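Report on one structure; see the data block that follows.
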RNA sequence: CGGGAGGUAGUUCAGCCCGGUAGAAUACUUGGUUUGGGACCAAGGGGUCGCAGGUUCGAAUCCUGUCCUCCCGACCA
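Structure representation (structure tokens):
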């Protein structure tokens, strides 16, 4: 056993780190808070990115790319947005190094190369994009403007965690401009549904769609919609957000358009994003103490085939069968890998692919060929079955679908069992401390109460679910009247 | 950013208290035997002990600074 994984029970945080590092998704780097995304992790991200990109394009969006740097004067234009991000910005102040006269062979910042105006490394791109949109929008005929960008952003976080919170991360950010408030709200909600669709149907990650409270809202937004997922330790993870920005950025950057009656008005905006954080959520939601468990639809490798043989003659027989099988699976669009490397024995490969979360493993040995069968092992349940070679491709194809569905069902079952109603403060605390998960409770609607609960319980309001049931009650904290329950949880 | 722990071979770690030529396991290389759940035997290569200063005849070991990581907290669209 060369790669041991800390169990979830023993140390959940370490378990997560072990999976990411030993599963080959990412590695630490020489830069504080920044990670290297390794080929296996990047392949996963590429699959996620490709699916999302198609979804964005199918909903009428196009891709563009805006600069990494934002001049400070633009950055500070929308006050709330600037204030919200001010504490976690990397700032470029100089543009040149020179040899250090006191330390031969070392470099120093050239004090003469100070920038007139500092450049902020984007923590998000609203500022640079809205400054650009100003020149692109004059008339209602220029609207709606539906643009997405795939990019990296930097947020100088105090405490980082692989994928879940890194100082630099990869994401997409959609930035749209609309002629009416209604249209912008429809766009905001539409993209939230796209995210939920992606999370549930591709990542097998059940999410709750909702709206953030004023406290938790994106800096500069009128409304922040979100999808919230639940991890296996009972903590919530914000998996994606979609913001209705009102006219805040249009006003800050003076983006006006003429409507059909030649009236000038500020445009209405949205922005929405998901990031590599989703990978962290994927890992935490599905995996077990043996390693990663990846949903088939986005797994870099869906099926791995391991040969078991003695001598070249047996290997050749197996090769012949596997080559046919591989071709069949590929023709069904299945990502299959034949690992006939001689450096590791079968047992080692079994353990390795379990660690990496490959959904289906097929073992083919001489014994199997004599019976025209193979051994099929599924990663999600660890069940092994002997399957006839006749019709194997369709069997595998169906199995992948079943695994995808099973992973979603399992996660959803866990999530549903961890939404608990609390009617008193004691119940509320008991659930948070012992059962964990989401707590559905009445709240009086004030920021003061929300802050006080956060202070005392370390839990935040994750969201007010969309189409939330209206129900008269009393706030668990203040005892004041409330018209609906909201979802609380401790969160990442 | 506060508290705690840590950084020594590719990896996981011992050695440090009490200064005196750098260790184990695993991985790697070569040869052989093996192959249905992380193989075995033999031989071999590999580390300026995170980095920079200081103390000392001599520093992985003592002192100072600094960078990085992990855990807890604060912070976190």
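Residue numbers (our numbering): 51 to 542. Every residue gets a Cβ at the ideal spot worked out from N, C-alpha and C, and that includes glycine. On a predicted model such as this, the values are computed, not experimentally measured, just so you know.
Could you tell me whether the Cβ atoms of residue i and residue j are closer together than 8 Å?
i: residue 249; j: residue 257; result: yes
i: residue 540; j: residue 285; result: yes
i: residue 443; j: residue 378; result: yes
i: residue 426; j: residue 410; result: yes
i: residue 214; j: residue 542; result: yes
i: residue 436; j: residue 423; result: yes
i: residue 255; j: residue 346; result: no
i: residue 385; j: residue 351; result: yes
i: residue 75; j: residue 94; result: yes
i: residue 621; j: residue 512; result: Residue 621 is absent from the model: the chain starts at 51 and stops at 542.
i: residue 361; j: residue 406; result: no
i: residue 241; j: residue 348; result: no
i: residue 83; j: residue 216; result: yes
i: residue 259; j: residue 515; result: yes
i: residue 494; j: residue 460; result: no
i: residue 188; j: residue 115; result: no
i: residue 88; j: residue 77; result: yes
Provide the residue span of the beta strand (DSSP E) that contains residue i, from first to last.
i: residue 396; result: Here residue 396 belongs to no beta strand (DSSP E); instead the alpha helix (DSSP H) covers 396–405.
i: residue 253; result: Per DSSP, residue 253 belongs to no beta strand (DSSP E) and is neither H nor E.
i: residue 481; result: Per DSSP, residue 481 belongs to no beta strand (DSSP E) and is neither H nor E.
i: residue 137; result: No beta strand (DSSP E) contains residue 137, which DSSP labels as neither H nor E.
i: residue 521; result: 520–524
i: residue 147; result: 147–149
i: residue 279; result: 273–280
i: residue 471; result: 469–471
Work out the CA separation of residue j and residue i for me, nearest whole Å.
i: residue 233; j: residue 388; result: 50 Å
i: residue 501; j: residue 337; result: 33 Å
i: residue 483; j: residue 527; result: 17 Å
i: residue 167; j: residue 120; result: 10 Å
i: residue 283; j: residue 204; result: 28 Å
i: residue 331; j: residue 269; result: 24 Å
i: residue 322; j: residue 140; result: 22 Å
i: residue 480; j: residue 206; result: 34 Å
i: residue 301; j: residue 251; result: 38 Å
i: residue 172; j: residue 496; result: 32 Å
i: residue 316; j: residue 383; result: 47 Å
i: residue 52; j: residue 401; result: Confidence at residue 52 is low in this model, with a pLDDT of 44, below 50, so its placement is unreliable and no value can be given for it.
i: residue 473; j: residue 265; result: 23 Å
i: residue 67; j: residue 334; result: 10 Å
i: residue 235; j: residue 112; result: 19 Å
i: residue 79; j: residue 85; result: 5 Å
i: residue 354; j: residue 452; result: 17 Å
i: residue 368; j: residue 392; result: 14 Å
i: residue 471; j: residue 272; result: 29 Å
i: residue 376; j: residue 370; result: 10 Å
i: residue 62; j: residue 98; result: 25 Å
i: residue 399; j: residue 169; result: 49 Å
i: residue 458; j: residue 344; result: 11 Å
i: residue 363; j: residue 421; result: 18 Å
i: residue 134; j: residue 159; result: 29 Å
i: residue 517; j: residue 274; result: 15 Å
Tell me, please, which residues DSSP counts as bridged to residue i.
i: residue 359; result: DSSP, once it has assigned bridges, lists no residue as partnering residue 359.
i: residue 322; result: 224, 292
i: residue 201; result: 221
i: residue 438; result: 423
i: residue 550; result: What the structure shows of the chain is the stretch from 51 to 542, and residue 550 is not part of that stretch, so it cannot be assessed.
i: residue 388; result: 355
i: residue 158; result: 148
i: residue 75; result: Bridge partners of residue 75: none, in fact.
i: residue 538; result: 489, 511
i: residue 415; result: 358
i: residue 306; result: 316
i: residue 409; result: Paired residues: none, contrary to the question.
i: residue 286; result: 280, 541
i: residue 532; result: 523
May I ask which residues mark the beginning and end of the alpha helix (DSSP H) holding residue i?
i: residue 329; result: 327–336
i: residue 89; result: 89–108
i: residue 122; result: 122–125
i: residue 83; result: Neither: residue 83 is in no alpha helix (DSSP H) and is coded neither H nor E.
i: residue 167; result: It is not in any alpha helix (DSSP H) - residue 167 instead sits in the beta strand (DSSP E) that spans 164–171.
i: residue 299; result: 298–302
i: residue 190; result: Run containing residue 190: none; DSSP gives neither H nor E here.
Contact defined as beta carbons within less than 8 Å: I believe residue i pairs with residue j. What is the distance between those atoms, to the nearest angstrom?
i: residue 132; j: residue 138; result: With 8 Å as the limit, residue 132 and residue 138 do not qualify as a contact, their Cβ atoms being about 12 Å apart.
i: residue 292; j: residue 374; result: Rounded, the Cβ-Cβ distance is 47 Å, inconsistent with contact.
i: residue 465; j: residue 280; result: 5 Å
i: residue 535; j: residue 492; result: 6 Å
i: residue 178; j: residue 212; result: Actually they are not in contact, since the Cβ atoms of residue 178 and residue 212 sit about 28 Å apart, beyond 8 Å.
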